[in-house]
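With our numbering, letter number 361 in the sequence shown gets 357, and the count goes up by one each step, no holes.
Glycine included, each C-beta is placed from N, C-alpha and C at the ideal position.
Quick notes on the structure that follows.
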Amino acid sequence: SVSLLHLIISFSVYFSMFLLYSCLLLYPPINLLFFFFFFLMIRRPPRSTLSSSSAASDVYKRQIQTMGNGNSNLTADEQKAIQEATQLAGMYLRSSPSHTLAKQPYLPIGKRPEEKLYFLVNHNGTKEERTMCLVQRNEASPLALQVESNKALFTGFLEGLAHPYILPMLEVDFIPERQQAVIFRPISRSGSLRDCIVKCKNPRDRFEAKYQKAGNQLSIRLIRLYGRQILEALYFLRRRHVPYPHLHSGNVILDKDRKVCRLSEIENSMLGLQPRYQILLTESPAAGIVDPEVLCFGQVLYEMAVGWELQTAGILDVLPSHCYREVVDILHGIFSPTDENQLCSVKDLLVLPFFADVAIKENMKECSPSPDEREKEMLKRVKKGQAVEVSKKEKKKKEHSSKRIGVTREAESAAYHGQSVAQPKERKVKRRSPSPAEPEQAALPAPPAPAPAPAPAPAPTTM
């Protein structure tokens, strides 16, 4: 573009000099002066003009240097890591015909940039914006994804996971050389549930800048609606044998126009990442009694009803006075279960009228089928790596809780086909008509007492 502009200026100068030459034909000294000035102008291009390749390289370098969206709080190591990751994302997308990096690709929305990096990309076909996430595989992951068959099983399962309240993974890939997963998702302009609680104006701002202050509690109507939707997604994952101890308000993506929330970051357990509420899952008094997903849901419910996270490890000493009374009983049933009030599973929460009476518009049957045998074996390995040991006494409590709400073992082990358990039908028990009493049998005679043993004969005497 700079070279073209230089040629246009040179041509205009040449044409004007030609007109002056024709007008000043009778004055040769002046003509020589003008020709000398003209040759000085077109002798060589300006020094600021570069070749197209070097100019593009300079623009790319300036773009890399501003990856932090103008924020100077990043350390040198973080800037270097972001630049390397952005270059890697650009190199990966060169071989991908479906997406290209946006003008300002880096999204500083995550709390753990050493494990997860988010980029803004554009789909080449629809031109819509999407998020590209690079997730570093942890050594604790039980899946050997460098093997091609395991990689195909991992990517195929995540791409096929579908539910109305789970954010879809449009494309999934794994880079064995870097031990990184690449995941493309649709982007939401409404941000996450935490952005809604703190009333964040721009969900794409840095994590530290968005969450410096406490937020405000949501309305009781939104708490019931979002809570019901989150529980439906958790129940679906439970039926699909997918462990999800990574639930928190930052992983709940909102669509305020449709009033729908969807869970994200389902792949964390498979890649061996540590949950955000790891201390809660290990040190809470209810750990081992209550399912991990329920403990995490209790944290989200507390944050929606209060406006900030529960700072203690699931210990409810004193609840804030502005917390809704309906939510207080549910929180005590999760974090302080007793025989009279214990909410140990997702199903226990779904049958509560607080969530069961909420009307939902989405079709629960629009979900992916049950995993096949190979996928079940993969999920079983993942679950073993994060299982919480439950003692025998605690197991009895959980079984008692299931019987208390009228759920049979057959119903618990039944395959999930999209039916919600929020409004279970009452089980009809057929009572048999009393049959006439049969005459009692006579008691059997007692066996005779054994005869006494004969006395031994005296020993013969010897002379």
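Cross-strand partners of T96 (DSSP beta bridge): In the sequence shown, residue 96 corresponds to position 100, counting from 1. Partner(s): N118.
Which listed residue (Y222, E228, S186 and F350) has its alpha carbon closest to that of D253: Within the sequence shown, residue 253 is the residue found at index 257, counting from 1. In terms of Cα proximity to D253, the closest of Y222, E228, S186 and F350 is S186.
Outcome for Q208 when other beta-carbon atoms lying within 10 angstroms are tallied against a minimum of 16: Here residue 208 corresponds to residue number 212 of the sequence shown, with the count starting at 1. Exposed: under 16 other Cβ atoms inside 10 Å.
Proximity winner among M128, D169 and G211, relative to K147 (alpha-carbon distances): Translated into the one-based positions of the sequence shown, residue 147 becomes position 151. It is D169 whose Cα lies nearest to the Cα of K147.
Pairwise C-alpha distance: R235 and E167: Locating residue 167 in the sequence shown gives position 171, where the first residue counts as 1. Locating residue 235 in the sequence shown gives position 239, where the first residue counts as 1. If you take the alpha carbons of E167 and R235, they lie about 23 Å apart.
Beta strand (DSSP E) runs contained entirely in the stretch 151 to 215, provided each spans 3 or more residues: Runs of the beta strand (DSSP E) spanning 3 or more residues and lying entirely within the stretch 151 to 215 occur at 167 to 171 and 176 to 182, in chain order.
Cutoff 6 Å; reference L339; Cβ partners in own chain excluding five residues on either side: The residue labelled residue 339 in the question sits at position 343 within the sequence shown. G329, I330 and L345.
Segment contact, 8 Å Cβ cut-off, at least three pairs: the stretch 209 to 219 with the stretch 136 to 155: Of all C-beta pairs linking the stretch 209 to 219 to the stretch 136 to 155, fewer than three are shorter than 8 Å, placing the two stretches out of contact.
Limits of the beta strand (DSSP E) - the one that I249 falls within: Residue 249 sits at position 253 when you count from the first residue of the sequence shown. Taken as a continuous stretch (DSSP letters only), the beta strand (DSSP E) holding I249 covers V248 to D251.
Buried or exposed (CB count within 10 angstroms, at least 16 for buried), K206: By 1-based counting over the sequence shown, the position of residue 206 is 210. By the 10 Å Cβ count, K206 comes out buried.
Local Cβ density within 10 Å of H95, reported as buried at 16 or more and exposed below that: Along the sequence shown, one-based indexing puts residue 95 at 99. H95 is buried by the Cβ-count criterion.
R370 burial status per 10 Å Cβ neighbour count (16 or more: buried): Against the sequence shown, residue 370 aligns to sequence position 374. Counting Cβ neighbours within 10 Å, R370 comes out exposed, since fewer than 16 surround it.
Presumed contact (8 Å Cβ cut-off) between R182 and R126, rounded CB distance: Position 186 of the sequence shown, counted from the start, is the residue given in the question as residue 182. Position 130 of the sequence shown, counted from the start, is the residue given in the question as residue 126. In the sequence as displayed, the identity of residue 182 is Pro instead of Arg. Indeed, because the Cβ distance is near 6 Å, the residues count as touching under 8 Å.
For L276, the first and last residue of its enclosing alpha helix (DSSP H): Position 280 of the sequence shown holds residue 276. Residues Q274 to E279.
Straight-line Cα distance separating Y222 from V354: The residue labelled residue 354 in the question sits at position 358 within the sequence shown. The residue labelled residue 222 in the question sits at position 226 within the sequence shown. Each residue's Cα considered, the two are about 10 Å apart.
Supposed contact pair V296 and L243 - C-beta distance, whole angstroms, cut 8 Å: Counted from its first residue, the sequence shown places residue 243 at position 247. Counted from its first residue, the sequence shown places residue 296 at position 300. That belief holds up - the Cβ atoms of L243 and V296 are roughly 6 Å apart, short of 8 Å.
Where C340 falls: helix, strand or coil (DSSP): Along the sequence shown, read from residue 1 onward, the residue named residue 340 stands at position 344. Here C340 sits in coil by DSSP.
R400 - DSSP class collapsed to helix/strand/coil: For the purposes of this step, residue 400 is identified with residue 404 of the sequence shown, where counting begins at 1. Because the pLDDT at R400 is just 35, under 50, the model does not fix this residue reliably, and the value given afterwards should be weighed accordingly. Secondary structure at R400: helix, using DSSP grouped into helix, strand and coil.
The stretch 305 to 315 touching the stretch 276 to 283, judged by at least three CB pairs closer than 8 Å: Of all C-beta pairs linking the stretch 305 to 315 to the stretch 276 to 283, three or more are shorter than 8 Å, placing the two stretches in contact.
Span separating the alpha-carbon of M374 from that of P367: On the sequence shown, residue 374 is found 378 positions in, with the first residue counted as 1. On the sequence shown, residue 367 is found 371 positions in, with the first residue counted as 1. So the two alpha carbons sit approximately 10 Å from each other.
C-alpha distance - S91 paired with C319, whole-angstrom precision: Looking up residue 91 in the sequence shown gives position 95. Looking up residue 319 in the sequence shown gives position 323. Roughly 52 Å between the two C-alpha positions.
Top-ranked residue by Cα proximity to K195, from Q274, F153 and L250: Looking up residue 195 in the sequence shown gives position 199. Looking only at Q274, F153 and L250, the smallest Cα-Cα distance to K195 is reached by L250.
Proximal residues to K376 (C-beta, below 8 Å), its chain only, five neighbours per side dropped: As a working mapping, residue 376 is identified with position 380 in the sequence shown. So the list reads H237, once near-sequence residues are dropped.
Reference P241; option with closest CA among F7, V9, V290 and K357: Taking the first residue of the sequence shown as 1, we reach residue 241 at position 245. Of the listed residues, the one whose Cα sits closest to P241 is V290.
Cβ-heavy atom distance, K379 to the ligand GTP, below 8 Å: The ligand GTP is not among the ligands present in this structure, which contains no ligands whatsoever.
9 Å Cβ cutoff met for F180 and C129: Start at 1 with the first residue of the sequence shown, and residue 180 comes out as number 184. Start at 1 with the first residue of the sequence shown, and residue 129 comes out as number 133. C129 is positioned such that its CB atom lies closer than 9 Å to that of F180.
Own chain residues within Cβ distance below 6 Å of Q100, not counting five before or after: On the sequence shown, residue 100 is found 104 positions in, with the first residue counted as 1. Once the five neighbours on either side are set aside, Q100 has no close Cβ partner at all.
Beta carbon of N247 nearer than 9 Å to that of S188: Sequence index remark: in the sequence shown, residue 247 carries index 251 (1-based). Sequence index remark: in the sequence shown, residue 188 carries index 192 (1-based). Taking 9 Å as the cut-off, the beta carbon of N247 is found closer than this to the beta carbon of S188.
Nearest-angstrom Cα separation, counted from A72 out to R321: Taking the first residue of the sequence shown as position 1, residue 321 is located at position 325. Taking the first residue of the sequence shown as position 1, residue 72 is located at position 76. C-alpha separation (whole angstroms): 48 Å.
Where E358 falls, given that 16 or more other Cβ within 10 Å makes a residue buried: Position 362 of the sequence shown, counted from the first residue, corresponds to residue 358. Exposed, since its Cβ has fewer than 16 Cβ neighbours within 10 Å.
For A148, the three-state DSSP class (helix, strand or coil): Within the sequence shown, numbered from 1, the residue matching residue 148 stands at position 152. Correct three-state label for A148: helix.
DSSP-derived helix/strand/coil call for K112: To locate residue 112, count along the sequence shown from 1; it is residue 116. Three-state DSSP puts K112 in a strand.
Residues of its chain near M300, where Cβ-Cβ distance is below 6 Å and the 5 sequence neighbours each way are ignored: Start at 1 with the first residue of the sequence shown, and residue 300 comes out as number 304. Cβ neighbours of M300 beyond the five flanking positions: L214 and I219.
Cβ separation of M266 and V178, assumed to be a contact under 8 Å, to the nearest whole Å: The residue given as residue 266 occupies position 270 in the sequence shown. The residue given as residue 178 occupies position 182 in the sequence shown. That pair is no contact at about 14 Å.
Reduced DSSP category for Q270 - H, G, I as helix; E, B as strand; rest coil: The residue you call residue 270 lines up with position 274 of the sequence shown. In the displayed model, Q270 falls within coil according to three-state DSSP, outside both helix and strand.
Unbroken alpha helix (DSSP H) run spanning L259, endpoints: Here the question's residue 259 lines up with position 263 in the sequence shown. DSSP places L259 in no alpha helix (DSSP H) but in the uninterrupted beta strand (DSSP E) bounded by V256 to L259.
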